[in-house]
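Take a look at the structure below.
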């Protein structure tokens, strides 16, 4: 029976994320919140029906990779080039303010007498999880706006800056981590992406654009490239696999058959991969024995984690001439934490500079932020919907084409 | 690096199955053969790049479940009801002739002095793998013909009869296996399916037929039902999970939105699941030290395995008034062995009545039959294509609707 247990796990995850997603949607919350709650309810925090098996971890990893790959495919690369400088400034402030705030918070709560251990709480807060925001923005149809691009672009750069900070701070605690080597790896990753870009532009794109039928092969090749890039990012350059997947999506975002590829990726995503990913975040939560101090620290961590990102990113966005409303959206869109924060906390624990109790707080902060972010984003967009009618970027035409495909697929046989 | 290895495995499997599939298609072989060869080349038999990890086993299990679920969704249930008797006769002969032939072969080669051990070689030969034939017939566009339905239906019943035979033979060797209990479980499974049918017909179908938009939820619910049924078949009733998945597909084969569900299942299948399944069959082969006798036995096993199925099923089909040509196709379509034969061999080994060397022969026989079957099927259909122009069953209209969806999805944005 244990051998086939993964079938039951998968069925439970699919049905509960969908039912709770339909429920949260009915009460005007994003479907993502329902999917996260499904994981919380099924997992050790509540019913204890499902635990994070190797199978669930692998599928959820592919799920977040496909989410980021699709986000890359949907990104307007010319917009990213035009505004790259602004994204960098937003990311820089979005790392600096939480880093300092987290350190101060840990010092106030006397988490440790060690400077590095307190600083590491700040490092964990630097991470930004774009996947929750991407899914919410996609649901609202706002992913390809100027604000959506800024959130995506800044979160991408945030990932790289956060990684540099992690490496530098780790090198203080551990003599095995070499700062220069890590910086060389980041440079190597940039070189690898440039090489991939040339290969795709010179070899793959002309071939893809030539064909008009049997598009399935392009979907399979595109997905393979995404997986290769994700693997090489992690295994060779030590860069998060989701960053690699996003870059692969960016590089494939302007072929003739991108809308078809995107439609097929989205199909596999909603049917299998993304429900498992979002549920698996909820599955991480366990009920720990909590001291009162730790409870207050956790609450403070949630508040500081959210506000420091908003303050940092809002300030930077204003400096870069975004409107007040746009800056507010960017700040809110950047405040979600997920896998990167958890990965950092786990790495810190492995180096002995993060206590197990702190990890519990970080997990609760991550879960809270993944619920607060989409709810706030949806509220802020709903409130000001009318003020933003003309904000669409040049990606809109392609976006509409994508929806046409979905509609065509849904209606084709009704009229047959 | 090991932690992310599954991404590389997946990328290698996807790209190689697709490239080899394109190659075999160009030389007029089915794409499935290319996918199987990809597994052989990547696996321990050749390059040794990929081994069967838990992740690959689970994905390939879901892959074969989805293949059988889709086959169920595509099956004309009225055709199955009408011809159920004929399918039963075909399945019965398709079990009996290989059972006797396998026993005689093992006795001639003196595989063992033990009656049961020789008989068990026959038991392994009773299995039929319909997934290879289904994929080939789908590729040829012949799945919903009278012959296609007969192959599917007979293979389904074959699975149940084979299981009964396995149980009876096992009970001679092992006092822990209870024949009556197993028969009760099979009866229980039939009861469970009847209950599920009533639930779907009375509760789910009226609800599905009422809605016209947001069809994604139906795809998710249908897939969940498939996984639940597959799990319960295995865990509660000891019936193969793929049989459960096929039954779930059958029960959902006549809702209003079945074509949409089928299209989405096929999308997830070609993009991720079925390449892993077909490659994983090839991954099973290892190079063993072989004696000359064992080599001759293996060759004889392949010949006897294939011909005994053809003779048994051809004879039965002729008795049931199928034409000579149709009977030939049915016989050839039934001769492939795959997961069930391997499962039986593994179970026999666990009970100590199948030697490890015999398992190697069985694996080679399985691989050979999965290559011989699609090639022969394609040849036989190609040779006599003109003679069968009017054989289409009533499912054709729905089949065309499905193709319309795929075409709509592929062309929608070209004209936008």
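Residue numbers (this note's numbering), protein chains in the order written: chain A, 1 to 416; chain B, 1001 to 1416.
The beta carbon of each residue, even a glycine, is placed where N, CA and C say it ideally should be.
If you follow the alpha helix (DSSP H) that residue i is part of, which residue opens it and which one closes it?
{"i": "residue 1225 (chain B)", "result": "1216 to 1237"}
{"i": "residue 46 (chain A)", "result": "First-last for residue 46 (chain A): undefined, no H or E at that position."}
{"i": "residue 1307 (chain B)", "result": "1292 to 1319"}
{"i": "residue 209 (chain A)", "result": "205 to 210"}
{"i": "residue 1286 (chain B)", "result": "Neither: residue 1286 (chain B) is in no alpha helix (DSSP H) and is coded neither H nor E."}
{"i": "residue 1329 (chain B)", "result": "1324 to 1333"}
{"i": "residue 9 (chain A)", "result": "5 to 26"}
{"i": "residue 240 (chain A)", "result": "Looking at the DSSP string, residue 240 (chain A) is not in any alpha helix (DSSP H), and its letter there is neither H nor E."}
Can you tell me whether residue i is buried or exposed, with buried defined as 16 or more other CB within 10 angstroms of its CB?
{"i": "residue 1264 (chain B)", "result": "buried"}
{"i": "residue 51 (chain A)", "result": "exposed"}
{"i": "residue 390 (chain A)", "result": "Residue placement at residue 390 (chain A) is flagged as unreliable, the pLDDT there being 46, under the threshold of 50; a coordinate-derived value is accordingly withheld."}
{"i": "residue 1321 (chain B)", "result": "exposed"}
{"i": "residue 1022 (chain B)", "result": "exposed"}
{"i": "residue 108 (chain A)", "result": "exposed"}
{"i": "residue 1206 (chain B)", "result": "exposed"}
{"i": "residue 98 (chain A)", "result": "buried"}
{"i": "residue 384 (chain A)", "result": "exposed"}
{"i": "residue 110 (chain A)", "result": "exposed"}
{"i": "residue 179 (chain A)", "result": "exposed"}
{"i": "residue 356 (chain A)", "result": "exposed"}
{"i": "residue 232 (chain A)", "result": "buried"}
{"i": "residue 76 (chain A)", "result": "buried"}
Which residues of chain B have a Cβ atom closer than 7 Å to the Cβ of residue i, listed in chain order?
{"i": "residue 267 (chain A)", "result": "1264, 1267, 1268"}
{"i": "residue 231 (chain A)", "result": "1004, 1007, 1008, 1011"}
Any Cβ of chain B within less than 8 Å of the Cβ of residue i?
{"i": "residue 58 (chain A)", "result": "yes"}
{"i": "residue 22 (chain A)", "result": "yes"}
{"i": "residue 224 (chain A)", "result": "yes"}
{"i": "residue 390 (chain A)", "result": "Residue placement at residue 390 (chain A) cannot be trusted, given a pLDDT of 46 that sits under 50; the coordinates are not used to answer."}
Less than 8 Å between CB atoms is the rule here; does residue i satisfy it with respect to chain A?
{"i": "residue 1074 (chain B)", "result": "no"}
{"i": "residue 1220 (chain B)", "result": "yes"}
{"i": "residue 1200 (chain B)", "result": "no"}
{"i": "residue 1347 (chain B)", "result": "no"}
{"i": "residue 1272 (chain B)", "result": "yes"}
{"i": "residue 1355 (chain B)", "result": "no"}
{"i": "residue 1015 (chain B)", "result": "yes"}
Expressed to the nearest angstrom, what Euclidean distance is found between the alpha-carbon atoms of residue i and residue j?
{"i": "residue 6 (chain A)", "j": "residue 81 (chain A)", "result": "43 Å"}
{"i": "residue 1225 (chain B)", "j": "residue 94 (chain A)", "result": "44 Å"}
{"i": "residue 1259 (chain B)", "j": "residue 1223 (chain B)", "result": "14 Å"}
{"i": "residue 1240 (chain B)", "j": "residue 1002 (chain B)", "result": "32 Å"}
{"i": "residue 1055 (chain B)", "j": "residue 370 (chain A)", "result": "28 Å"}
{"i": "residue 58 (chain A)", "j": "residue 272 (chain A)", "result": "12 Å"}
{"i": "residue 1298 (chain B)", "j": "residue 1362 (chain B)", "result": "8 Å"}
{"i": "residue 1132 (chain B)", "j": "residue 215 (chain A)", "result": "23 Å"}
{"i": "residue 329 (chain A)", "j": "residue 312 (chain A)", "result": "13 Å"}
{"i": "residue 373 (chain A)", "j": "residue 144 (chain A)", "result": "18 Å"}
{"i": "residue 212 (chain A)", "j": "residue 1078 (chain B)", "result": "38 Å"}
{"i": "residue 1038 (chain B)", "j": "residue 1269 (chain B)", "result": "17 Å"}
{"i": "residue 247 (chain A)", "j": "residue 68 (chain A)", "result": "9 Å"}
{"i": "residue 1354 (chain B)", "j": "residue 1135 (chain B)", "result": "31 Å"}
{"i": "residue 141 (chain A)", "j": "residue 325 (chain A)", "result": "17 Å"}
{"i": "residue 60 (chain A)", "j": "residue 203 (chain A)", "result": "32 Å"}
{"i": "residue 1359 (chain B)", "j": "residue 1121 (chain B)", "result": "10 Å"}
{"i": "residue 1106 (chain B)", "j": "residue 1366 (chain B)", "result": "17 Å"}
Find the residues of chain A that neighbour residue i, judging by a C-beta separation of less than 9 Å, and give them in chain order.
{"i": "residue 1052 (chain B)", "result": "None at all; the shortest Cβ gap to chain A is about 14 Å."}
{"i": "residue 1055 (chain B)", "result": "54, 55, 58, 59"}
Residues of chain B with CB under 9 Å from residue i, in chain order?
{"i": "residue 241 (chain A)", "result": "1004, 1007"}
{"i": "residue 300 (chain A)", "result": "Ordered by position in chain B, no residue passes the 9 Å Cβ test against residue 300 (chain A), which lies about 33 Å from the chain."}
{"i": "residue 139 (chain A)", "result": "Simply none; closest approach about 12 Å."}
Just to make sure I have the definition right: I need the residues of chain B whose C-beta is within less than 8 Å of the C-beta of residue i. Which are they?
{"i": "residue 217 (chain A)", "result": "1018, 1022"}
{"i": "residue 227 (chain A)", "result": "1007, 1008, 1010, 1011, 1014"}
Cβ of residue i less than 8 Å from any chain D Cβ?
{"i": "residue 80 (chain A)", "result": "As a matter of chain content, chain D is missing from the structure shown, whose protein chains are A and B."}
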